[in-house]
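*Asks:* Protein chains in written order, with my numbering: chain A, 920 to 1115; chain B, 920 to 1115; chain C, 316 to 582. C-beta: ideal position from N, C-alpha, C; glycine also.
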Amino acid sequence: MKVEQIVEATLFASQTPLTADEIARADEVLVAESVVAAIQTLRDEYEGSERAFQIYQLGDGYQVLTRPEYAPYLERFDSVPRAPHLSPAALETLAIIAYRNPIGRIEIEEVRGVSASSVLRTLLDWELVAVVGRGEGLGRPLLYGVTQMFLEHFGLKDLSDLPAPDELPVVLGELQEAMEAEAAVADAEEAGEEVI
Amino acid sequence: MKVEQIVEATLFASQTPLTADEIARADEVLVAESVVAAIQTLRDEYEGSERAFQIYQLGDGYQVLTRPEYAPYLERFDSVPRAPHLSPAALETLAIIAYRNPIGRIEIEEVRGVSASSVLRTLLDWELVAVVGRGEGLGRPLLYGVTQMFLEHFGLKDLSDLPAPDELPVVLGELQEAMEAEAAVADAEEAGEEVI
Amino acid sequence: MSPSAQVGEGTHRSIEPFQVSLERFEGPLDLLLHLIRSQDIDIFDIPIARITEQFVRTLEDELEAMPIERAGEFLEMAATLVRIKAQLLLPRPEQPDWEEDPRAELVRRLLEYEHFQDVVHVLEGAEAQRGRHFGKGYVAGRPAPALAPVELELTLADFLSVVARIPEPAPPVEIRPPSQTVTVEEKVSLLRRLLGKAKRVSFDRLFRPWGTRAHAVAALLAALELARQQALRIEQVKPFASIWLLSGDRLRPPAGVDSDETAEGPE
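1. Is R1040(B) helix, strand or coil by DSSP?
2. Give the straight-line distance between the Cα atoms of T395(C) and F370(C), rounded to the nearest whole angstrom.
3. Are at least three pairs of beta-carbons, each pair with one atom in the segment 1030-1047 of chain A and one in the segment 342-349 of chain C, less than 8 Å apart?
4. Using alpha carbons as the reference points, say which of Q976(A), P991(A), R970(A), L1042(A) lies closest to P1007(A).
5. Could you say which of V1038(A), G1074(A), I925(A), P1084(A) lies nearest to D1116(A) if we only look at CA atoms?
6. Just the chain C side, please: which residues come within less than 7 Å of Q982(A) by C-beta, in chain order?
7. Are any of the Cβ atoms in chain A nearer than 9 Å to that of S562(C)?
8. G1023(B) bridges to which residues according to DSSP?
9. What residues from chain B crowd round E501(C), counting only those whose CB sits closer than 7 Å?
10. Expressed to the nearest angstrom, what Euclidean distance is found between the alpha-carbon atoms of T439(C) and H430(C)?
11. Quick check on this structure: which residue in V437(C), R398(C), P406(C) has the alpha carbon closest to the alpha carbon of E420(C)?
12. May I ask you to list, following chain order, the residues of the segment 953-986 of chain B that have a beta carbon less than 8 Å from some beta carbon of chain A?
13. Sort T929(A), D1085(A), V1065(A), V1089(A) by Cα distance to K1076(A) and report the nearest one.
14. Could you tell me which of T938(B), L984(B), E923(B), L1081(B) sits nearest to I1015(B), measuring between CA atoms?
15. Using CA coordinates, which residue listed in W1045(B), E1055(B), A932(B), Y1063(B) is at the minimum distance from V983(B)?
16. Please state the DSSP three-state secondary structure of Q982(B).
17. Which residues in the same chain have their Cβ closer than 7 Å to the Cβ of G978(B), if we skip the five residues on either side of it in sequence?
18. Under a Cβ-count criterion, where at least 16 other Cβ atoms within 10 Å of its own Cβ denotes burial, should V488(C) be classed as buried or exposed?
19. Does the beta carbon of S1079(B) come closer than 9 Å to any beta carbon on chain E?
20. State the start and end residues of the unbroken alpha helix (DSSP H) segment that holds E550(C).
21. Sorted by chain position, which residues of the same chain lie with C-beta nearer than 7 Å to L536(C)'s C-beta, five sequence neighbours on each side aside?
22. Do A538(C) and L509(C) have their C-beta atoms within less than 9 Å of each other?
23. To the nearest angstrom, how far is the alpha carbon of D963(A) from that of T960(B)?
24. Would you identify the three-state DSSP class for P486(C), choosing helix, strand or coil?
25. I'd like to know whether the C-beta atoms of T938(A) and A928(A) end up nearer to each other than 9 Å.
26. Does Q924(B) get closer than 9 Å to chain C when you measure Cβ to Cβ?
27. Answer yes or no: the CB of A1017(B) versus the heavy atoms of the ligand PLP, is any distance below 8 Å?
28. Using 8 Å for Cβ pairs, my map puts T373(C) next to L337(C). What's the rounded Cβ distance?
29. For a contact defined as C-beta to C-beta under 8 Å, what are the partners of E1046(B) on chain C?
30. For G511(C), does the count of other Cβ atoms within 10 angstroms reach 16, so buried, or fall short, so exposed?
31. Which of the three DSSP states, helix, strand or coil, is assigned to S504(C)?
32. Using alpha carbons as the reference points, say which of A441(C), L547(C), F359(C) lies closest to V503(C).
33. Buried or exposed, going by whether 16 or more other CB atoms sit within 10 Å of the CB of Q976(A)?
34. Looking only at its chain, what residues have a beta carbon closer than 7 Å to the beta carbon of E377(C), apart from the 5 residues adjacent to it on each side?
35. Might you give, ordered along the chain, the residues of its own chain that have their beta carbon closer than 8 Å to the beta carbon of R1024(A), omitting 5 neighbours on each side?
Printed below as a string of C-alpha cells:
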C-alpha cells in the first residue's frame, strides 16, 4: 500500500478539511511531512490526468473539491444548502479583523462608524472569528482574530492570500474584469437581451 | 469539457448512488448510454492509475467509494475523532457546571442571565455534561454535572485538577505567559515579515 | 453590493438624485462616502456645507423609524459635519496646514472606510470563488433507502457483553454524590430526545459518557422498554458489532405516561 493511496483514501472519505497531522493518524508510518509530499504527488497526478477534482488547501487543512468549472453542472442537482453568503455588516467586520488582526471591538467600531457588538457575537457563534487575547488598555479589552473557519469559508490558505493594501486596486480590477466577462457570457446566453 | 469529467464531478459530489439517468441530468448532451460508457472509461483509468477509490454499482446506481482494502485505515481514523470546538456560550455554561455541579438549568440561567437550554443541549450532545440527578425543589428539576469526557477533553485527572476560583488569576497569568512565549518564538521565526 | 461600488452612477451636480434609502447603507460613513463618490467630489476638498445638507436631508425622513442605536450613529455624524462646517467659517491662518484643516480627521476615516470596502469586495470575490468548489456529498441525490428492519435477534447476552466492556468503576468524579443513581425514566427521556433529532442513535451513547454499569443497565432497560412500545427498533448487523437504536413509528409518548418522565424538566 503506497502512502499516496492511504492519503487519497483518507481525503476521499472526509467531508471536511483535514490537516496533515490528522491524515497521518490513518497509519503509524505516516508523519505530517510524508503526508504533505504525498498530497503534492496526488495533486500532480490529478492535474496530469485531468481529473474533475483537485486537492485544495484551506487554512491548514486539505480537502478534495471539484474544480470550479464543473459548478454549473452540479448546481442542477437538488443539493444540500450552501453555506450562507455573509451579510454586508459581517463582511465589513471580517475585513477589518482580517487586516488588523488582532483588534478590539472599540477599534472595529471606530473604523465602521457603527456598533459592532451584535455582528461580533454572530461571527463568534459561526466561529469565523475568535478571541485571541487581551489588549493593554483600560479593562484589558478582548482582542479578536480570524479563524481556520474564516480561511475555509473564503477558500484561503492563510491570511497572506489576501492582497496587501497596495495591491488592492490591481486585484479589484482583475475581479471586475472577471465579473464582466462572466456577465458577458450570461448576456450572450440570454439571446441578446440587454441588461444595463 | 469531456463527458467523463462531468460524470466524474457528479459522482464525486453525490451523497448517494446515482443512476445513469440521474447523472445525465447534469447536462443536456448526456444520455444514459454515454454516461455508462464514461463510467467504464473512468473505471479503467482508476484501475490503471491505482487510485484508492473506484466507481461501484449499487443496485441500479453508481457511487464513488474508497476501495475496501483501505477500510482499516479509515476506521482507525474515525476512532480518533476531531476535538469538538465549543462556542463561547457553551464554554461559559460548561464552566458554571464544572464549578457549581450538580446544578439545575434555572440556576445556570441565573448566573448567565440568558436562556441556557440550547447550549445545554449542545453540551449534552457532545457528552461533556450529563444529567446526574434530580433536585429537591418544585418538579424535581434535572441536575447537570460534567462527565468523564469533559475531564478527558481538558486533560484533567479529576475535578480537583481545576484551579480554585481564587487561584484563577495566577493560573491564567501563567497560561498567558506561556502563550506569549510561544507567540514570541513564532514572531522570531517569521523574521520580521509582516502579514497584513 | 455596497453603494460605494457604484462610483459614477450619477455624475451630475444636482442634488436631486440623492433620494436614497438609508437601509442600503451600513452606517453614516457608508452614506457619506456614497454622497461624495457619486458626485465625483474630490475627497480632499469636500464641500462640507453641501454634503451636510444632503446628509441631514437623507436622515430627516427615516430617522423616526430607525432603531435608537442606529439613529444615534447617524446623528453623531451629522453633529460632526455641522461642527466642521462651523470651524471652517472661523478665520484661519493664510497658509493652513492640512493637518489643521477641520476636515482632515473625517477624510482620514473616510479613506480608511473606503479601503475596507475594497477588502469587502475581495472577500466577496473569494466567497463566490469558493462557492464554485464542491466537496463530497454536496449533491443530495435520492432519498436514502430505508434501512431494512432487523428482527430483534439480539440476545441479552450480546447486550450485556457491551455492558461488561465498561471499566469498573470509572475514576471517581467528586461531583457525583456517591449514592447517585440513575433511573430508567431518565434514560427513556434521553433516548426520546436523541431520537427526536436523529433517526438512529448508537447504544454506546446512552451510557458511555458516565462510564458506570448502573447507567449501562438503565440504558439497556430503557431501550428494551421503548422497543416493546415499538417506539424504536434495535439493530445489530452482526454479533459484537455496534448496536444501533432506530427511531420507530410510535416515538410520541404513549397516552398515560406521566409527562414529567419524558420532559427535560419543568420549564
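*Replies:* Taking the geometry as given:
1. helix
2. 11 Å
3. yes
4. L1042(A)
5. Nothing about residue 1116(A) can be reported from this structure: the residues present for chain A run from 920 to 1115 only.
6. G450
7. False, the Cβ-Cβ gap to chain A never drops below 9 Å.
8. L1062(B)
9. V1050
10. Inspection of the sequence shows that residue 439(C) is occupied by Glu rather than by Thr. Their Cα atoms are separated by approximately 14 Å.
11. R398(C)
12. E964, S968, E969, R970, A971, F972, V983, T985, R986
13. Considering only alpha carbons, the answer is V1065(A).
14. Comparing C-alpha distances from I1015(B) to each of T938(B), L984(B), E923(B), L1081(B) shows the shortest one belongs to L1081(B).
15. A932(B)
16. strand
17. P936
18. Residue placement at V488(C) is flagged as unreliable, the pLDDT there being 38, under the threshold of 50; a coordinate-derived value is accordingly withheld.
19. The structure shown contains no chain E; its protein chains are A, B and C.
20. Unbroken run through E550(C) is the beta strand (DSSP E), 547-551; no alpha helix (DSSP H).
21. Counting only Cβ-Cβ distances below 7 Å, and skipping sequence neighbours, we find V499.
22. no
23. 20 Å
24. Note on P486(C): pLDDT 37, under 50, position unreliable in the model; no value is reported.
25. no
26. So no, Q924(B) is outside the interface.
27. Annotation note on the ligand PLP: not contained in the displayed structure, which lists no ligands.
28. 7 Å
29. R520, R523, P524, listed in chain order.
30. exposed
31. helix
32. Ranked by Cα distance from V503(C), the first of A441(C), L547(C), F359(C) is L547(C).
33. buried
34. L337
35. A1035, S1036, L1039, P1060, L1061, Y1063
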